[in-house]
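Going by numbering that gives the first Met the number 0, the residue at position 136 of the sequence shown is 135; the numbering climbs one at a time, nothing skipped. The beta-carbon is built from N, C-alpha and C at its ideal position, and this holds for glycine as well. As the structure is a computational prediction, the values presented were derived from the model and not from experiment. A quick write-up on the structure given underneath.
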Amino acid sequence: MRVGGSTRTSGWARRTAAAIALAVALPLGVTMVGGGATASAAFDPAAQDFWVDSSMGPVKSRIWRAADGNTSRVVYLLDGLRAQDDLSGWEINTDAGPFLAAQNINVVQPVGGQSSFYSDWLSNSTFNGQKVTYKWETFLTEELRNALANRLGFQSTRNGVIGLSMGGSAALTLAAYHPDQFNYAGSLSGYLNISAPGMREAIRVAMLDAGRFNVDAMWGPPWNPAWLRNDPFVFANKLRDNGTRVWVSAANGIPAPGGAAPTGVMDVFNATTGASLEALSLANTRAFQVRMATIGAKNVTYSFPPRGIHSWRYWQQQIHDLAPDLSNTIG
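In structure tokens:
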């Protein structure tokens with residue numbers, strides 16, 4: 000019967016959306032079991048604080064200077080959904096800053112931006128009393144970009160931008176719409192098909208969980224064109240036409256050997272969460288891969304490790320793996 004079929008369909012849709020929402024809402028960007036990078040120092044005295052005024056107020060970035068002193072090779076590293084206001088998760092949990100600096104690449108880690116998707120929001124989020132409207136795209140492509148050029152002499156073209164999870168889709172978005180600044184973009188465990196069934200609802204729940212942010216303040220209701228503008232699956236042709244060098248990675252949700260053994264209930268919970276998040280990212284990433292193949296894009300390297308969950312240990316390894324590709328492209 001029509002009614003019965005409609006009920007079954009709507010019930011499936013609700014269950015799918017709920018499952019995705021549960022996965023995405025759980026701790027994005029939190030170190031999962033076995034996920035702590037062995038080289039983590041939390042605060043690296045070799046980096047410098049770099050403050051830049053913006054419409055959001057003063058924003059801090061952390062800078063690692065290239066070992067050879069060059070100012071022409073620059074990469075931005077974007078954080079995950081639960082970005083902190085003191086240090087980037089990249090610094091807290093990985094050796095990405097000093098490692099890339101040793102490869103003669105200047106590393107810029109913007110600090111903050113919880114639940115922002117590094118986007119220019121439509122308004123401030125009233126759910127949590129946010130005082131200012133996020134304008135992260137403007138900050139990264141104008142205010143920070145200009146300050147790095149004017150105060151440190153960093154080249155402001157042919158830069159790289161790499162993000163994890165929330166920052167993964169943001170990195171591709173920035174490169175798609177600002178090709179003069181970014182000729183290299185990397186998504187590590189990103190969500191690259193946010194128009195897929197259930198994804199917009201999942202992002203809504205995730206942002207409420209991570210800081211009580213209202214997604215309508217970011218891109219408006221689900222039918223607002225801003226959602227499509229920020230969906231890599233939709234703007235894939237821009238990355239192809241711009242000739243952007245792209246690195247895309249997602250694992251299969253199965254933990255790899257070598258991580259720390261679980262020591263309690265929360266470790267098991269985090270490992271399960273990390274597996275679910277990575278499986279969701281893999282589904283998104285595979286859809287993006289098909290989309291790029293369909294439009295004939297040949298400027299993407301795909302990395303699908305046989306083991307890995309949504310965890311810093313795997314993202315650090317991806318930085319090590321992509322470093323030669325990044326080095327050969329930027330600057």
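Taking just the CA atoms, how far does residue j sit from residue i?
i       : j       : result
Pro-254 : Ile-308 : 6 Å
Thr-140 : Gly-330 : 17 Å
Pro-116 : Met-217 : Here residue 116 is Phe; the residue named in the question, Pro, does not match the sequence. C-alpha separation (whole angstroms): 9 Å.
Ala-41  : Ser-60  : 15 Å
Leu-173 : Asn-92  : 24 Å
Asp-43  : Trp-120 : 31 Å
Ser-168 : Phe-126 : 24 Å
Gly-159 : Val-107 : 10 Å
Thr-245 : Thr-137 : Checking the sequence shown, residue 245 turns out to be Val, not Thr. C-alpha separation (whole angstroms): 22 Å.
Phe-234 : Ala-175 : 7 Å
Pro-97  : Val-289 : 35 Å
Asp-296 : Asn-213 : A small correction: the amino acid at residue 296 is Ala; Asp does not occupy that position in the sequence shown. Going from the Cα of Ala-296 to the Cα of Asn-213 covers about 35 Å.
Thr-293 : Gly-111 : 36 Å
Asp-48  : Asp-324 : 27 Å
Gln-315 : Asn-298 : 23 Å
Ala-209 : Ala-46  : 27 Å
Thr-347 : Ala-225 : Residue 347 cannot be examined here, being either before or after the span of the chain that is shown, 0 to 330.
Asp-320 : Asn-241 : 24 Å
Looking only at its own chain, which residues have a Cβ that is under 7 Å from the Cβ of residue i, when we skip the five neighbours before and after it?
i       : result
Phe-153 : Thr-70, Val-73, Asn-105, Leu-147
Ala-249 : Ser-188, Glu-277, Ser-280, Leu-281, Thr-284, Phe-303
Thr-102 : Reading the sequence as shown, one finds Gln at residue 102 and not Thr. Hits under 7 Å: Ala-322, Ser-326.
His-177 : Thr-140
Ala-82  : Gly-28, Gly-88, Gly-111, Gly-112, Gln-113
Arg-211 : Phe-126, Asn-127
Tyr-301 : Val-247, Gln-288
Specify the secondary structure class of residue i as computed by DSSP and reduced to three states.
i       : result
Val-131 : coil
Trp-246 : strand
Lys-59  : strand
Phe-287 : helix
Asp-324 : helix
Ser-280 : helix
Val-299 : strand
Gln-108 : strand
Leu-86  : coil
Gly-307 : coil
Asp-119 : strand
Ile-294 : coil
Ile-329 : coil
Ile-91  : helix
Asn-236 : helix
Asn-158 : strand
Arg-312 : helix
Phe-126 : coil
Gly-68  : coil
Ile-318 : helix
Leu-334 : A question about residue 334 goes unanswered here, because the residues of the chain that appear run from 0 up to 330.
Phe-42  : coil
Leu-80  : coil
Asn-269 : Note that Asn-269 scores a pLDDT of 49, beneath 50, so its modelled location is shaky; the value from the coordinates is reported in the next line. Correct three-state label for Asn-269: helix.
Let me check understanding here. Comparing Cα to Cα, which of the options lies closest to residue i?
i       : options                            : result
Asn-236 : Ala-278, Lys-130, Ser-248, Met-291 : Met-291
Ser-155 : Ser-164, Gln-180, Lys-134          : Gln-180
Arg-228 : Leu-191, Phe-49, Gly-197           : Leu-191
Arg-306 : Asn-251, Val-289, Arg-312          : Asn-251
Arg-199 : Gly-219, Gly-210, Trp-311          : Gly-219
Trp-63  : Asn-149, Ser-54, Trp-89, Asp-85    : Trp-89
Ile-193 : Phe-287, Arg-150, Ile-294          : Phe-287
Gly-128 : Asn-223, Leu-207, Arg-244          : Leu-207
Gly-197 : Asn-298, Arg-211, Pro-221, Ala-175 : Pro-221
Met-165 : Val-131, Asn-182, Thr-132, Ala-201 : Ala-201
Met-55  : Glu-142, Ala-95, Ala-82, Asp-94    : Glu-142
Asp-85  : Ala-100, Arg-211, Pro-57           : Pro-57
Asn-182 : Arg-239, Lys-134, Asn-149, Gln-315 : Arg-239
Ala-100 : Val-131, Val-247, Ala-65           : Ala-65
Leu-163 : Leu-151, Asp-78, Ser-53            : Asp-78
Once you ignore the five residues that flank residue i on each side, which residues in its own chain have a CB closer than 6 Å to its CB?
i       : result
Ala-12  : Reliability of the predicted coordinates at Ala-12 is poor, the pLDDT of 43 falling under 50, and the value obtained from them is presented with this limitation in mind. The answer is none, since no qualifying residue turns up.
Leu-171 : Ala-184, Ser-186, Pro-231
Ile-161 : Leu-76, Ala-170, Gly-185
Asp-67  : Asn-103
Gly-34  : Unreliable positioning characterises Gly-34 in this predicted model, as indicated by a pLDDT of 34, which lies under 50. A coordinate reading is not provided.
Gly-10  : Because Gly-10 sits at a pLDDT of 44, beneath the cut-off of 50, its placement in the model cannot be relied upon, and the following sentence gives the value as read from the coordinates. Excluding residues within five positions, none has a Cβ falling inside 6 Å.
Val-51  : Val-58, Glu-142, Leu-143, Ala-146
Ile-318 : Ala-95
Quick check on the DSSP output: the beta strand (DSSP E) that includes residue i runs from which residue to which?
i       : result
Phe-181 : 181-187
Asp-48  : 47-51
Val-204 : That residue, Val-204, is in no beta strand (DSSP E); its alpha helix (DSSP H) goes 198-208.
Got a sec, what are the start and stop residues for the alpha helix (DSSP H) residue i sits in?
i       : result
Thr-172 : 165-176
Pro-224 : 224-228
Leu-143 : 143-151
Val-214 : 214-218
Leu-77  : Segment 73-77 is the beta strand (DSSP E) holding Leu-77; no alpha helix (DSSP H) there.
Given 7 Å as the limit, tell me if residue i has its C-beta closer than that to any heavy atom belonging to the ligand GDP.
i      : result
Pro-97 : Absent from the structure shown: the ligand GDP. Ligands present: none.
Step through the CB atoms of chain C and report whether any lies within less than 8 Å of the CB of residue i.
i       : result
Gly-128 : Protein chains in the displayed structure number just one, and chain C is not present.
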